[in-house]
Amino acid sequence: MLRLLRTAACAAAILPAALVPAAQAKEFSWAVTTDPQTMDPHAVNSTPVLGFLNNVYEGLVRRGKDMSIEPALATGWEPIGEGEGWRFFLREGVTFQDGSTFDAEDVVFSYERASSPESDTASWFAPVSDVVRVDDYTVDFLTHSPNPIFPDSIANWMIMDSGWAEANAATRPDKESGNFATLNANGTGAFRVTTREPGLRTVLEPFADWWGEPEHNITRAEMTPIQNPATALAALLSGDVDMINPVPIQDVQRLQGNPDVQVVQGIEARVMMLGFPHQAEALKYSAETEGNPFADARVRKAVAHAINVPAILRTIMRGNAEPVNQLVSSAMRGYSEALADAPAYDPEAAKALLAEAGYPDGFSFGLKCSNNRYLNDEAVCQAVTAMLAQVGLKATLDAMPVQNYWPELRAGNYDMYLLGWSPGTFDAEHPIRFLAATPNEEKKLGSWNFGGYSNARVDELLPKIQSEIDEPTRQGMLDEVAQVLQDETAYVPLYVQPLVWGTGSNVTLTQRPDNFFILRWVSVN
Amino acid sequence: MLAYIIRRVAQSALVLLIVGLVAFAMFRFVGDPIDNMLGQERTAEDIERLRGQLGLDQPFVVQYYRFLENAVQGNFGVSYRQGRPVIDILMERAPATLELAAVSGILAIIFGIALGVFTAIKRNGITANLIMSGSLIGVSLPTFLIGILLIYLFSVELGWLPSFGRGEVVDLGGWSTGFLTASGLKALILPSITLGLYQMTLIMRLVRSEMLEVLRQDYIRFARARGLRDRTVHFRHALKNTMVPVITVIGLQVGAIIAFAIITETVFQWPGVGLLFINAIQFVDIPVMAAYLMLISVMFVGINLIVDILYFFIDPRLRVDRKGGH
Numbered sequence: 047m048l049r050l051l052r053t054a055a056c057a058a059a060i061l062p063a064a065l066v067p068a069a070q071a072k073e074f075s076w077a078v079t080t081d082p083q084t085m086d087p088h089a090v091n092s093t094p095v096l097g098f099l100n101n102v103y104e105g106l107v108r109r110g111k112d113m114s115i116e117p118a119l120a121t122g123w124e125p126i127g128e129g130e131g132w133r134f135f136l137r138e139g140v141t142f143q144d145g146s147t148f149d150a151e152d153v154v155f156s157y158e159r160a161s162s163p164e165s166d167t168a169s170w171f172a173p174v175s176d177v178v179r180v181d182d183y184t185v186d187f188l189t190h191s192p193n194p195i196f197p198d199s200i201a202n203w204m205i206m207d208s209g210w211a212e213a214n215a216a217t218r219p220d221k222e223s224g225n226f227a228t229l230n231a232n233g234t235g236a237f238r239v240t241t242r243e244p245g246l247r248t249v250l251e252p253f254a255d256w257w258g259e260p261e262h263n264i265t266r267a268e269m270t271p272i273q274n275p276a277t278a279l280a281a282l283l284s285g286d287v288d289m290i291n292p293v294p295i296q297d298v299q300r301l302q303g304n305p306d307v308q309v310v311q312g313i314e315a316r317v318m319m320l321g322f323p324h325q326a327e328a329l330k331y332s333a334e335t336e337g338n339p340f341a342d343a344r345v346r347k348a349v350a351h352a353i354n355v356p357a358i359l360r361t362i363m364r365g366n367a368e369p370v371n372q373l374v375s376s377a378m379r380g381y382s383e384a385l386a387d388a389p390a391y392d393p394e395a396a397k398a399l400l401a402e403a404g405y406p407d408g409f410s411f412g413l414k415c416s417n418n419r420y421l422n423d424e425a426v427c428q429a430v431t432a433m434l435a436q437v438g439l440k441a442t443l444d445a446m447p448v449q450n451y452w453p454e455l456r457a458g459n460y461d462m463y464l465l466g467w468s469p470g471t472f473d474a475e476h477p478i479r480f481l482a483a484t485p486n487e488e489k490k491l492g493s494w495n496f497g498g499y500s501n502a503r504v505d506e507l508l509p510k511i512q513s514e515i516d517e518p519t520r521q522g523m524l525d526e527v528a529q530v531l532q533d534e535t536a537y538v539p540l541y542v543q544p545l546v547w548g549t550g551s552n553v554t555l556t557q558r559p560d561n562f563f564i565l566r567w568v569s570v571n
Numbered sequence: 031m032l033a034y035i036i037r038r039v040a041q042s043a044l045v046l047l048i049v050g051l052v053a054f055a056m057f058r059f060v061g062d063p064i065d066n067m068l069g070q071e072r073t074a075e076d077i078e079r080l081r082g083q084l085g086l087d088q089p090f091v092v093q094y095y096r097f098l099e100n101a102v103q104g105n106f107g108v109s110y111r112q113g114r115p116v117i118d119i120l121m122e123r124a125p126a127t128l129e130l131a132a133v134s135g136i137l138a139i140i141f142g143i144a145l146g147v148f149t150a151i152k153r154n155g156i157t158a159n160l161i162m163s164g165s166l167i168g169v170s171l172p173t174f175l176i177g178i179l180l181i182y183l184f185s186v187e188l189g190w191l192p193s194f195g196r197g198e199v200v201d202l203g204g205w206s207t208g209f210l211t212a213s214g215l216k217a218l219i220l221p222s223i224t225l226g227l228y229q230m231t232l233i234m235r236l237v238r239s240e241m242l243e244v245l246r247q248d249y250i251r252f253a254r255a256r257g258l259r260d261r262t263v264h265f266r267h268a269l270k271n272t273m274v275p276v277i278t279v280i281g282l283q284v285g286a287i288i289a290f291a292i293i294t295e296t297v298f299q300w301p302g303v304g305l306l307f308i309n310a311i312q313f314v315d316i317p318v319m320a321a322y323l324m325l326i327s328v329m330f331v332g333i334n335l336i337v338d339i340l341y342f343f344i345d346p347r348l349r350v351d352r353k354g355g356h
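As given, the protein sequences belong to chains A and B, one line each in that order.
Start counting at 1 in the first sequence, then tack on 46, and there's your number in the numbering used here.
Start counting at 1 in the second sequence, then tack on 30, and there's your number in the numbering used here.
Okay, structure coming up:
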């Protein structure tokens, strides 16, 4: 009896191995710091969610390896008339992972779902007045005003099957109490979710009927959240996972010396900057200073000259980041080439500017900083504090977890603050809308402009930039805004945050500046 | 006696209520969940709307009252982060913590008692002295460091054991167990050593000192004089009499093992309730934090209540006191 059982067990063990040639079975596992909160592509607008779901769901357009827009579920698109909107031609023969067919109805449904008040992605569709199904494979997006960047702005808008959503009572996202789409996914993408255990693991397998040509050789992929950086590093070094994101900056050098692993470095789209209380009557954290010195552009310029960004990057970022002088990095659309040079590190010039503004001996103030939001954020603020002290600007640093940080900034409890901004549209218009436009609740402008920076010319140019179809004219206006922001030192841009991934040495992949991990570009050798 | 128990239960309930009140008063200092729940493109209006929906604009006493009102009906709310009922999430995560705690506890008891007896009997031997000095590590090194050291030694350098997680688990009607697979058992080794080391050294040192005390007693000398074998003297007579305080301490440590699993779970990415709690703090997931804290306090209060009631049976003086009054 026992022998019989053993024989049966052996046969069972050999069978699958015989059916699947060992050389082809490529299992891949990777660790992330934040587990995606939901599998619903319209519920939460955050990098962990959208980045992960990009492997499962697809949009009409998608971003390529160089961030350029390329056809996905739409094969082509063209403007309608004189900028009345955009017409999208849909790909035929595409099926969802549950087998149902993709057509215009799903696009209209996904628009309604993603632009509903329950959705976190509704603002993407603010320029849209109506979506019209022309035929089964043609859809018109009508816009309030000409919108040149509309196709770019919906690269993360993913299409859900209307029939599947209705059958499972998930026609609207439900962030507060969740629904079927929170735990299950049904996209058209290259991978389908086979197991979803929130906070524990998520298993993906290639979708056999995907319309595209697979570039990967993965047969099964598993994502595990590992919050502790030391544990993640150990998991990579021991080969328990094939990839981690991010690698702690201080461990980069050590990993580079290890032949079993490799470090994949690049820069993220996120620009780190210092912000000021433009509208404040007085400083909050200064006993002796009258009024608000930061309302004076010369003082803000002095701050820019006083900070030695290359030194910060060399020491704290170990040379993994690059300085920046605008609210977007050079990789973004609409970056102003002419204004590429950052203000030189020049403490003497800073002192002269302070003297000119009436603060020859400097003044004291409070610097607010997060300590768990950006790479080495607190260390950067400490360096900034030390550098400012050399020109007489005596900052008191108050670093706190991000959960407490945003409420403090909203309440105006700062004299200077650290902010990182990653433009969701990968276009220079994005930070102007959120950081430079005069705050206006009704028009949804300047919602992250904590200091209330306001410039009439910027406010005048923004709507024109948003609706200008002609590329050189648009760039001219973006250049002008960038010039104004630089002349007035509305913010002090510091550097572009680095992106550091670690992988096993047998893995090849493509890293994109939006920090999305695209599984279909991964090969395990 | 019934009156005594009722009084103890009432006192326990009061303690629970106060723990909850303190917890809710503290949540505001953990931070604001709103920014985590809304994306980059939120407006001030969205913030206010969500705050109202979640009841975060209310004073903490009102929030606490609402939590209690729902909790007594068995509804612990919905996680802000996962959008799923908290009770489901806790049930999903509890087996991982309980299995880890059980294994660590058993390891701590077996090795603690065995080493305690050994070091007491051979108290001048080299091995015993080495064990005693080694046990200082267990008492003094932080759990976090022990965990990381074990991972580097056994996962990264030697490659014997997994560096994180629970391995493959088998679902037995809602209870996911790691006991039935090889990878599940392997995954248990490092975390349970990390978690149980402190308890093991504690039990070992306690057994040793109790044992030394007992071995000096007259009845042990008489036992030896009777010509009994060492083995009988040590285990039947000496060890048995050291066990009373040891069992009390073990009982109290059961709660500690479950509650202090937080650090071990974080280091090993062990998917239990402790890790869930840490993640909840980072996200300011108030319903999960509240439910976890209440669960842990119910557990501690429950254990203490049982101990108190047991004393009542063990210690006749308590009974006399109640009857006689003061």
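Glycine included, C-beta positions come from ideal geometry on N, C-alpha and C.
- Closest by C-alpha distance to A/D149, out of A/T554, A/D220, A/K490, A/D207, is A/D207.
- Under a 10 Å Cβ-count criterion, A/V287 is classified as buried, with 16 or more other Cβ atoms of the shown protein chains found around its own Cβ.
- Burial of A/R109 is indicated by the presence of at least 16 other C-beta atoms within 10 angstroms of its C-beta.
- Taking 9 Å as the cut-off, the Cβ atoms of A/V570 and A/Q308 do not count as close.
- B/P275 sits exposed, since fewer than 16 C-beta atoms from the chains shown fall within 10 Å of its C-beta.
- Per DSSP, reduced to three states, the secondary structure at A/P518 is helical.
- Taking a 10 Å sphere around the C-beta of A/D461, we find 16 or more other C-beta atoms and assign the residue as buried.
- Assignment of A/K221 by DSSP, reduced to helix, strand and coil, places it in the coil class.
- Shown here, A/M318 sits in a strand according to DSSP, grouped into three states.
- Look at A/D182 here: in three-state DSSP terms it is coil, with no helix or strand label.
- When Cβ-Cβ separations below 9 Å define contact, A/F411 makes no contact with chain B.
- Among the residues facing chain A, B/T296 is included, as its CB has a counterpart in that chain under 9 Å away.
- Closer than 7 Å at the C-beta level to chain A, one finds these residues of the segment 85-113 of chain B: V108, R111, Q112, G113.
- Interface annotation, B/D248: not in contact with chain A, CB-CB separation never under 9 Å.
- Taking C-alpha positions only, B/M56 is separated from B/G197 by approximately 36 Å.
- Counting of Cβ neighbours within 10 angstroms places B/A138 among the buried residues, the total reaching 16 or more.
- Contact check for A/L250 and A/N100: beta-carbon distance about 12 Å, past the 8 Å limit, so the pair fails to qualify.
- When Cβ-Cβ separations below 9 Å define contact, B/L218 makes no contact with chain A.
- In this structure, B/G208 lies away from A/R247, with their beta-carbon atoms at least 9 Å apart.
- Nearest Cα to B/G104 within the set B/A132, B/I117, B/G302: B/I117.
- Shown here for B/N100: same chain residues with a beta carbon closer than 8 Å to its own, the five before and five after excluded, namely F106, G107 in chain order.
- Between the alpha carbons of A/Y405 and A/L413 lies a distance of about 18 Å.
- In the structure shown, the three-state DSSP call for A/Y463 is strand.
- A contact is defined here as three or more CB-CB pairs under 8 Å, and the segment 276-287 of chain B meets this definition with respect to the segment 231-245 of chain B.
- For A/T147, there is no enclosing alpha helix (DSSP H), since its DSSP letter is neither H nor E.
- Per the coordinates, the alpha-carbon of A/V370 lies some 11 Å from the alpha-carbon of A/A377.
- Around B/R72, the beta-carbon contacts reaching into chain A at under 9 Å are N91, D166, S169, S493.
- With respect to chain B, the C-beta atom of A/L246 has a partner C-beta closer than 9 Å.
- Contact annotation: in the segment 211-230 of chain A, residues whose CB is within less than 9 Å of a CB in chain B are D220, K221, E222, S223, G224, N225, T228, L229.
- DSSP, read as helix, strand or coil, puts A/V177 in strand.
- With a contact defined as Cβ atoms closer than 8 Å, B/Y94 and B/G50 qualify at about 6 Å.
- A/D444 sits in a strand when the DSSP states are folded into three classes.
- The residue among A/F187, A/L439, A/I511, A/V95 with its C-alpha nearest the C-alpha of A/S332 is A/L439.
- Contact residues of the segment 247-276 of chain A toward chain B are R247, T270, P271, I272, Q273, N274, A276 (C-beta to C-beta distance below 9 Å).
- The continuous beta strand (DSSP E) containing A/Q543 extends over residues 538-550.
- Within the same chain, Cβ atoms closer than 8 Å to the Cβ of B/A253 are found at T262, V263, H267, the five residues on either side in sequence being excluded.
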